[in-house]
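Asks: Mapping the sequence shown onto our numbering, position 67 (from 1) lands on 554, and the numbers just tick up by one.
Take a look at the following structure, please.
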Amino acid sequence: MVRWLGRLGLRLVGWRAVGRAPDRSVVLIAAPHTSNWDLLYMLLVAAELGIDVHWVGKHTLFRPPLGWLMRAVGGIPVDRRARHGAVAQLARAFEERPGLVLAVAPEGTRGKAPYWKSGFYEIARGAGVPIACGFLDYARKEGGIGPLIEVTGDRLRDMDAIRAFYADKTGKHPEDFTPPRLREEVAGGDDQPAAGSAAQASETSSTASAKKGA
């Protein structure tokens, strides 16, 4: 039923889903993220492809009385103050949930930023899972899952593979798409994420920025 609803929804808006659901645990990056509409299209694509998407949220969101609802819609709580840190908590979540698909919006905002947040990479590396390239292409009116990027530890090399995939993908507002690059790749940058950066990057995938409209 869920897949049928996803397929129907995409047809009504003139879109189509491409690719297939990952057959193993992955960190699913979602890009380009330039509009409030992205969430709707992402959910429709995930439904048609049969992907059970999960997301990360601040642990306080999972307290009663609505904690059960947050978990029911795919939320995974992370406490940034915990001694083991966000990456370790999420690595444990991957161990406990075979086939987990954890979605992260690495741009962190719908507006253009100088670089992607590195939380998605740190999570994948810490959990020992690949990165799946999820995308929405408004020019072609299609969304789906691209290749799996195995995390080698060579961040620049891995980012080159990610850049190559997103080179021809167009967001709803192309001028607001943040180029796929990490802080260390920006002149004078030093990308050394703090313990809570993974959770901070992931939280943005479930909370829309209020800076601008769709």
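The C-beta atom is built at its ideal place from N, Cα and C for all residues, glycine as well.
Please list the terminal residues of the continuous beta strand (DSSP E) segment that includes R550.
Replies: Here residue 550 refers to the residue found at position 63 when the sequence shown is read from its first residue. Counting along the chain, R550 falls outside any beta strand (DSSP E), and DSSP gives it neither H nor E.
Asks: Which word fits A626, buried or exposed, when buried means at least 16 other C-beta atoms lie within 10 angstroms of its C-beta?
Replies: Position 139 of the sequence shown, counted from the first residue, corresponds to residue 626. The residue is exposed, with fewer than 16 neighbouring Cβ atoms inside 10 Å.
Asks: Let's see if you can read the secondary structure: which residues bound the beta strand (DSSP E) around L623?
Replies: Start at 1 with the first residue of the sequence shown, and residue 623 comes out as number 136. Judged by DSSP secondary structure, L623 falls within the beta strand (DSSP E) whose first and last residues are 618-624.
Asks: Just list the residues that DSSP pairs H520 with in beta bridges.
Replies: For the purposes of this step, residue 520 is identified with residue 33 of the sequence shown, where counting begins at 1. Paired residue(s): none; H520 is not in a bridge.
Asks: How would you call Q679, buried or exposed, if buried means at least 16 neighbouring beta carbons within 10 angstroms?
Replies: In the sequence shown, the residue the question calls residue 679 occupies position 192. Below a pLDDT of 50, predicted positions are generally treated as unreliable, and Q679, at 43, falls in that range; the measurement from the model is reported next regardless. When all chains shown are included, Q679 counts as exposed.
Asks: For the candidate residues P585, W542, V513, whose alpha-carbon lies nearest to that of V638?
Replies: Locating residue 638 in the sequence shown gives position 151, where the first residue counts as 1. Taking only the C-alpha atoms, the option nearest V638 is V513.
Asks: Taking Cβ positions, are L497 and R490 nearer each other than 8 Å?
Replies: Indexing the sequence shown from 1 puts residue 497 at position 10. Indexing the sequence shown from 1 puts residue 490 at position 3. In this structure, R490 does not lie closer than 8 Å to L497 by Cβ.
Asks: Going by Cα to Cα distance, which pick from W524, P617, Y653, G631 is closest to G586?
Replies: Locating residue 586 in the sequence shown gives position 99, where the first residue counts as 1. Among W524, P617, Y653, G631, the Cα nearest to that of G586 belongs to P617.
Asks: Could you work out which residue in F664, V591, A508 is closest to L536 when comparing CA atoms only?
Replies: In the sequence shown, counting from the first residue as 1, residue 536 sits at position 49. Selected option, being the one with the closest Cα: A508.
Asks: Measure from the alpha carbon of A592 to the alpha carbon of each residue in N523, V673, V505, then state which is nearest.
Replies: Against the sequence shown, residue 592 aligns to sequence position 105. Comparing Cα positions, the closest option is N523.
Asks: Checking 8 Å against the spacing of the C-beta atoms, do L623 and P519 come in under that value?
Replies: Counting from 1 along the sequence shown, the entry for residue 623 is found at position 136. Counting from 1 along the sequence shown, the entry for residue 519 is found at position 32. Contact: yes.
Asks: Any idea which residues DSSP pairs G630 with across the strands?
Replies: To locate residue 630, count along the sequence shown from 1; it is residue 143. Answer by DSSP bridge pairing, in chain order: A504, L623.
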